[in-house]
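Step one of this worksheet: look at the structure below.
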Amino acid sequence: MREYYYEMVYILRPTMSDEEIEKGIEKVNSYVQRYGGEVLKIDKWGRRQLAYPINDYDKGYYVLEYIKTNERDFVRNMENFFRINEDVIRFLVFRLKPSEVKELKEKLAPKAEENKGEE
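Everything in the sequence shown is counted per UniProt numbering, starting at 1 for the first residue and increasing by one.
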(Lines of atoms letter the chains of each structure in order from A and count residues from 1; the text may use other names and numbers.)
(Lines give C-alpha, C1' and ligand atoms only; values in the text may rest on other atoms or scores of the structure.)
Protein backbone atom coordinates (compact mmCIF):
# COMPACT_ATOMS: atom_id res chain seq x y z
CA MET A 1 0.00 0.00 0.00
CA ARG A 2 1.25 3.45 -0.89
CA GLU A 3 2.05 6.12 1.69
CA TYR A 4 0.86 9.68 1.15
CA TYR A 5 2.31 12.69 2.96
CA TYR A 6 0.34 15.90 3.37
CA GLU A 7 0.87 19.37 4.69
CA MET A 8 -2.26 20.74 6.31
CA VAL A 9 -2.70 24.38 7.34
CA TYR A 10 -5.81 25.64 9.03
CA ILE A 11 -6.85 28.87 10.72
CA LEU A 12 -8.94 28.83 13.87
CA ARG A 13 -11.21 31.66 15.00
CA PRO A 14 -9.23 34.34 16.90
CA THR A 15 -12.00 34.69 19.51
CA MET A 16 -11.19 31.24 20.94
CA SER A 17 -9.38 31.05 24.29
CA ASP A 18 -6.08 29.16 24.59
CA GLU A 19 -7.92 26.20 26.12
CA GLU A 20 -10.48 26.17 23.28
CA ILE A 21 -7.67 26.33 20.72
CA GLU A 22 -6.01 23.26 22.27
CA LYS A 23 -9.35 21.41 22.21
CA GLY A 24 -9.85 22.47 18.58
CA ILE A 25 -6.41 21.12 17.60
CA GLU A 26 -7.13 17.86 19.48
CA LYS A 27 -10.45 17.57 17.65
CA VAL A 28 -8.75 17.99 14.27
CA ASN A 29 -6.12 15.39 15.24
CA SER A 30 -8.80 12.92 16.33
CA TYR A 31 -10.41 13.24 12.89
CA VAL A 32 -7.03 12.79 11.24
CA GLN A 33 -6.70 9.47 13.09
CA ARG A 34 -10.33 8.53 12.38
CA TYR A 35 -9.69 8.93 8.65
CA GLY A 36 -6.54 6.78 8.76
CA GLY A 37 -3.88 9.46 9.13
CA GLU A 38 -0.97 9.88 11.49
CA VAL A 39 0.15 13.31 12.72
CA LEU A 40 3.92 13.54 12.27
CA LYS A 41 4.48 17.10 13.43
CA ILE A 42 2.43 20.07 14.61
CA ASP A 43 3.62 23.68 14.30
CA LYS A 44 1.49 26.21 16.14
CA TRP A 45 2.15 29.55 14.50
CA GLY A 46 -0.14 31.44 16.87
CA ARG A 47 -2.38 34.43 16.27
CA ARG A 48 -1.51 36.34 13.14
CA GLN A 49 -2.96 39.09 11.03
CA LEU A 50 -4.96 37.83 8.04
CA ALA A 51 -4.16 39.19 4.57
CA TYR A 52 -7.84 40.10 4.21
CA PRO A 53 -10.86 39.83 6.51
CA ILE A 54 -12.57 36.42 6.65
CA ASN A 55 -16.04 36.27 8.21
CA ASP A 56 -15.37 39.68 9.85
CA TYR A 57 -12.15 38.41 11.48
CA ASP A 58 -8.91 40.37 11.01
CA LYS A 59 -6.75 37.78 12.81
CA GLY A 60 -6.64 34.02 13.15
CA TYR A 61 -4.78 31.25 14.98
CA TYR A 62 -2.63 29.37 12.44
CA VAL A 63 -1.73 25.69 12.77
CA LEU A 64 0.48 23.65 10.41
CA GLU A 65 0.48 19.85 10.55
CA TYR A 66 2.36 17.17 8.64
CA ILE A 67 0.32 14.02 8.06
CA LYS A 68 1.13 10.51 6.83
CA THR A 69 -1.63 8.20 5.57
CA ASN A 70 -2.36 5.21 3.36
CA GLU A 71 -5.95 6.27 2.68
CA ARG A 72 -6.78 7.70 -0.73
CA ASP A 73 -9.92 9.47 0.51
CA PHE A 74 -8.11 11.21 3.36
CA VAL A 75 -8.07 14.69 1.80
CA ARG A 76 -11.74 14.60 0.79
CA ASN A 77 -12.76 13.46 4.29
CA MET A 78 -10.66 16.15 6.00
CA GLU A 79 -12.00 18.88 3.70
CA ASN A 80 -15.55 17.83 4.52
CA PHE A 81 -14.71 17.93 8.23
CA PHE A 82 -13.18 21.42 7.93
CA ARG A 83 -16.20 22.74 6.01
CA ILE A 84 -18.63 21.75 8.78
CA ASN A 85 -16.34 22.77 11.68
CA GLU A 86 -17.34 26.28 12.76
CA ASP A 87 -14.04 26.89 14.58
CA VAL A 88 -12.01 26.65 11.34
CA ILE A 89 -12.27 29.76 9.16
CA ARG A 90 -9.83 28.62 6.42
CA PHE A 91 -7.89 25.47 5.57
CA LEU A 92 -5.56 24.04 2.96
CA VAL A 93 -4.45 20.43 2.51
CA PHE A 94 -1.91 19.50 -0.12
CA ARG A 95 0.31 16.56 -0.92
CA LEU A 96 4.07 16.81 -0.48
CA LYS A 97 6.44 16.15 -3.37
CA PRO A 98 8.91 13.26 -2.98
CA SER A 99 11.77 15.71 -2.38
CA GLU A 100 9.75 17.43 0.38
CA VAL A 101 8.92 14.04 1.93
CA LYS A 102 12.64 13.25 2.05
CA GLU A 103 13.36 16.58 3.81
CA LEU A 104 10.54 15.97 6.27
CA LYS A 105 11.83 12.49 7.13
CA GLU A 106 15.32 13.92 7.67
CA LYS A 107 13.92 16.59 10.01
CA LEU A 108 11.92 14.04 12.00
CA ALA A 109 14.66 11.38 12.18
CA PRO A 110 16.86 13.13 14.80
CA LYS A 111 13.81 13.61 17.06
CA ALA A 112 12.92 9.93 16.76
CA GLU A 113 16.48 8.96 17.73
CA GLU A 114 16.39 11.32 20.74
CA ASN A 115 13.11 9.78 21.92
CA LYS A 116 14.60 6.26 21.68
CA GLY A 117 17.50 7.34 23.90
CA GLU A 118 15.08 8.57 26.59
CA GLU A 119 13.24 5.24 26.85
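Cβ atoms here follow ideal geometry from the backbone N, Cα and C, with glycine treated the same way. Because the structure is a prediction, the values reported are computed rather than measured.
If you draw a straight line from the alpha carbon of residue 47 to that of residue 59, how long is it in whole angstroms? Whole-angstrom Cα-Cα distance: 7 angstroms.
Residue 94 versus residue 79 - alpha carbon distance: Going from the Cα of residue 94 to the Cα of residue 79 covers about 11 angstroms.
Rounded straight-line distance, which links the Cα of residue 109 to that of residue 3: About 17 angstroms.
Do the segment 27-42 and the segment 63-79 touch if we need at least three Cβ pairs shorter than 8 angstroms? Under the 8 angstroms Cβ criterion, the segment 27-42 counts as touching the segment 63-79, having at least three qualifying pairs.
Between residue 103 and the rest of its own chain, which residues show a CB-CB distance below 7 angstroms, the 5 nearest in sequence each way excluded? Taken in chain order, the list of residues that qualify is empty.
Based on the DSSP output, what are the partners of residue 9 in its beta bridges? BP columns for residue 9 point to 64, 92.
Sorted by chain position, which residues of the same chain lie with C-beta nearer than 7 angstroms to residue 119's C-beta, five sequence neighbours on each side aside? Here residue 119 scores only 48 on pLDDT, less than 50, and its place in the model is too uncertain to base an answer on.
With residue 28 and residue 10 assumed to form a contact (beta carbons below 8 angstroms), what rounded beta-carbon distance in angstroms separates them? Yes, they are in contact, since the Cβ atoms of residue 28 and residue 10 sit about 7 angstroms apart, within 8 angstroms.
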